[in-house]
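Protein sequence lines, in the order shown, are assigned to chains X and U. So the first sequence is numbered by this note's numbering: it starts at 5 and just counts up by one. So the second sequence is numbered by this note's numbering: it starts at 6 and just counts up by one. What follows is a short report on a single structure.
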Amino acid sequence: RQVTVQRKEKDFQGMLEYHKDDEALLIRNLVTDLKPQMLSGTVPCLPAYILYMCIRHADYVNDDLKVHSLLTSTINGVKKVLKKHNDDFEMTTFWLSNTCRLLHCLKQYSGDEGFMTQNSAKQNEHCLKNFDLTEYRQVLSDLSIQIYQQLIKIAEGVLQPMIVSAMLENESIQGLSGVKPTGYRKRSSSMADGDNSYCLEAIIRQMNSFHTVMCDQGLDPEIIQQVFKQLFYMINAVTLNNLLLRKEVCSWSTGMQLRYNISQLEEWLRGRNLHQSGAVQTMEPLIQAAQLLQLKKKTPEDAEAICSLCNSLSTQQIVKILNLYTPLNEFEERVTVAFIRTIQAQLQERNDPQQLLLDFKHTFPVLFPFNPSSLTMDSIHIPACLNLEFLNEV
Amino acid sequence: SAQRPRPRVLLKAPTLAEMEEMNTSEEEESP
Chain X
5 RQVTVQRKEK
15 DFQGMLEYHK
25 DDEALLIRNL
35 VTDLKPQMLS
45 GTVPCLPAYI
55 LYMCIRHADY
65 VNDDLKVHSL
75 LTSTINGVKK
85 VLKKHNDDFE
95 MTTFWLSNTC
105 RLLHCLKQYS
115 GDEGFMTQNS
125 AKQNEHCLKN
135 FDLTEYRQVL
145 SDLSIQIYQQ
155 LIKIAEGVLQ
165 PMIVSAMLEN
175 ESIQGLSGVK
185 PTGYRKRSSS
195 MADGDNSYCL
205 EAIIRQMNSF
215 HTVMCDQGLD
225 PEIIQQVFKQ
235 LFYMINAVTL
245 NNLLLRKEVC
255 SWSTGMQLRY
265 NISQLEEWLR
275 GRNLHQSGAV
285 QTMEPLIQAA
295 QLLQLKKKTP
305 EDAEAICSLC
315 NSLSTQQIVK
325 ILNLYTPLNE
335 FEERVTVAFI
345 RTIQAQLQER
355 NDPQQLLLDF
365 KHTFPVLFPF
375 NPSSLTMDSI
385 HIPACLNLEF
395 LNEV
Chain U
6 SAQRPRPRVL
16 LKAPTLAEME
26 EMNTSEEEES
36 P
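Structure (structure tokens):
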């Protein structure tokens, strides 16, 4: 069999032909053995475009078995690679990005007019002719959800150990350490296995790193937003749960530090153009808890202000924070039982959930909005480093 | 006159779980 690459660029119609026997090699070189770093400097999601061009040729020659086989091998290859690299954020991002792009291609070139509104005339020529791959689109969508869940798990695993010390224990505001309640002790610094404390800067550095990887790999902006919404929810939940269980952090000074930290995170979101992601909204219970620590807690007017402000905290959570509230010094009074009763009376009509702590493992449902590409298939160049010389451009 | 495109044939696909099952049994069969 002749394996010479035919390069008739002016006639290239954006299809790639291969011999059936080369399918395993194609999957190995393009999926299972591929390192994302090999593709730096090429168009993002190149494997997805190459796979679509192969599918398109199999469709063009009306070979349904070849389409079935290639899609099945691709999906199994992606699953295998994800299993092997189940703690690798970059690899998982790379395959989420490529799986979504392949899904977008199967929509954009499906021939369904609803997905063709932004296509150029040239792109319309690159639509599938013979097969309807709607069912495979569902499989790719399910696979994308699995990959997204793996990505969130990896990111949460990295961030979670940093949250309590960075959000509640680290003091970045000058002079605050002098106004800590008596008995305050950093938990993390008392651990026997060394200093596990982190500052907020460490969380921000880590999120910068996640964001850069996701952008570099061409992940859809809407998916990046959902990743950060999920991560901010976890930061909110872990911090609030810790606050609800630790007397020594329920103080005016922690409230002030916490509000400052949250404003830094909000600033970071704005700087990365992620402020429309809904991430800040997930922090609302924590924002209110920080405010609750700082508000006056004495008069009926104070009680009314607390009740109208803390609408994202449950009655149980508000009461718990008030009970745990620790005065800074002998000049500040404890919250009185009468004040807490006033709050309870005012909030009794609320139909609040009964559990005190937030479910920090809660996940928001993910959506993958259709995102057509302006690239045309015949403009895509396959770099030699992929070792795909056996693919013939048609 | 413009020709109406031929309707495309729906390719039936197994679910992701079924695909995994098939893949696992193939791996078990191979030495």
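Positions of the beta carbon are idealized from the N, C-alpha and C atoms, including for glycine.
Buried or exposed by the 16-neighbour rule on C-beta atoms within 10 Å, applied to residue i
i        : result
X:Asn123 : buried
X:Phe135 : buried
X:Asp356 : exposed
X:Gln359 : exposed
X:Lys24  : exposed
X:Glu397 : buried
X:Asn80  : buried
U:Ala22  : exposed
X:Cys104 : buried
X:Gly198 : For X:Gly198, the predicted model reports a pLDDT of 45, less than 50, meaning its position is unreliable; a value from the coordinates is still stated below. Exposed is the call here.
X:Glu337 : exposed
U:Thr20  : exposed
X:Ser169 : buried
X:Cys58  : buried
X:Asp37  : exposed
X:Val65  : exposed
X:Ser378 : exposed
X:Ala52  : buried
X:Glu393 : exposed
X:Phe343 : buried
U:Thr29  : exposed
X:Thr340 : exposed
X:Ala125 : exposed
X:Cys314 : buried
X:Gln127 : buried
X:Cys49  : buried
U:Met24  : buried
X:Asn277 : exposed
U:Met27  : exposed
U:Pro12  : exposed
DSSP beta-bridge partners of residue i
i        : result
X:Glu397 : X:Leu20
X:Phe135 : U:Val14
Residue j beta carbon less than 8 angstroms from that of residue i
i        : j        : result
X:Gln221 : X:Ser101 : yes
X:His366 : X:Tyr237 : yes
X:Leu107 : X:Arg60  : no
X:Glu271 : X:Val284 : no
X:Trp411 : X:Gln298 : The structure shown does not extend to residue 411 of chain X, since chain X spans only 5 to 398, so no value can be given for it.
X:His215 : X:Ile207 : no
X:Asn33  : X:Asn265 : no
X:Thr303 : X:Leu351 : no
X:Phe232 : X:Ser281 : yes
X:Leu163 : X:Gln210 : yes
X:Met260 : X:Ile177 : yes
X:His130 : X:Met287 : no
X:Val217 : X:Leu147 : no
X:Ser114 : X:Leu137 : yes
X:Leu75  : X:Glu27  : no
X:Ala293 : X:Leu317 : yes
X:Pro373 : X:Glu226 : yes
X:Cys2   : X:Met95  : The displayed coordinates of chain X run from 5 to 398. Any statement about residue 2 of chain X would go beyond what the structure contains.
X:Lys133 : X:Asp67  : no
Whole-angstrom C-beta distance between residue j and residue i, which should lie under 8 angstroms
i        : j        : result
X:Leu361 : X:Leu248 : 6 angstroms
X:Ile322 : X:Ile310 : 7 angstroms
U:Leu16  : X:Val71  : 6 angstroms
X:Ala159 : X:Phe93  : 6 angstroms
X:Leu328 : X:Pro289 : The pair is not a contact, with the Cβ atoms about 16 angstroms apart (cut-off 8 angstroms).
X:Leu395 : X:Ile386 : 7 angstroms
X:Leu2   : X:Leu110 : No information on residue 2 of chain X is available, as it lies outside the stretch 5 to 398 that chain X covers here.
X:Leu4   : X:Leu172 : Since the first residue shown for chain X is 5 and the last is 398, residue 4 of chain X is missing from the structure and cannot be characterised.
X:Val242 : X:Ile167 : 4 angstroms
X:Leu204 : X:Asn174 : 6 angstroms
X:Cys254 : X:Thr330 : 6 angstroms
X:Ile151 : X:Ser77  : That pair is no contact at about 17 angstroms.
X:Glu308 : U:Ala18  : 59 angstroms between Cβ atoms; not a contact.
Contact test: residue i Cβ vs the ligand HEM heavy atom, cutoff 7 angstroms
i       : result
X:Gln17 : Of ligands this structure carries none, so the ligand HEM is not represented either.
query = Residues in the region 125–155 of chain X with C-beta within 8 angstroms of chain U's C-beta atoms, listed in sequence order?
reply = The residues in question are Leu132, Lys133, Asn134, Phe135, Asp136, Leu137, Thr138, Glu139, Tyr140, Gln142, Val143, Asp146, Leu147 and Gln150.
query = Looking at chain X, which residues of the region 11–28 of chain U have a Cβ within less than 9 angstroms of any of its Cβ atoms?
reply = If the cut-off is 9 angstroms between Cβ atoms, the region 11–28 of chain U has Arg11, Pro12, Arg13, Val14, Leu15, Leu16, Lys17, Ala18, Pro19, Thr20, Leu21, Ala22, Met24, Glu25, Met27 and Asn28 near chain X.
key: Residues within the region 80–99 of chain X neighbouring chain U, beta-carbon criterion of under 8 angstroms   = So the close ones are Asn80 and Lys83.
request  = Please list the residues of the region 105–116 of chain X that have a C-beta atom closer than 9 angstroms to any C-beta atom in chain U, keeping them in chain order.
outcome  = Residues of the region 105–116 of chain X with a C-beta less than 9 angstroms from any C-beta of chain U: Ser114 and Gly115, listed in chain order.
inquiry  = Give me the subset of the region 163–179 of chain X whose CB atoms are less than 7 angstroms from a CB atom of chain U, sorted by chain position.
reply    = Those residues of the region 163–179 of chain X that come within reach of chain U (Cβ to Cβ, closer than 7 angstroms) do not exist; the list is empty.
query = What are the residues of the region 43–75 of chain X that lie near chain U, defined by any Cβ-Cβ distance shorter than 7 angstroms?
reply = If the cut-off is 7 angstroms between Cβ atoms, the region 43–75 of chain X has Asp68, Val71 and His72 near chain U.
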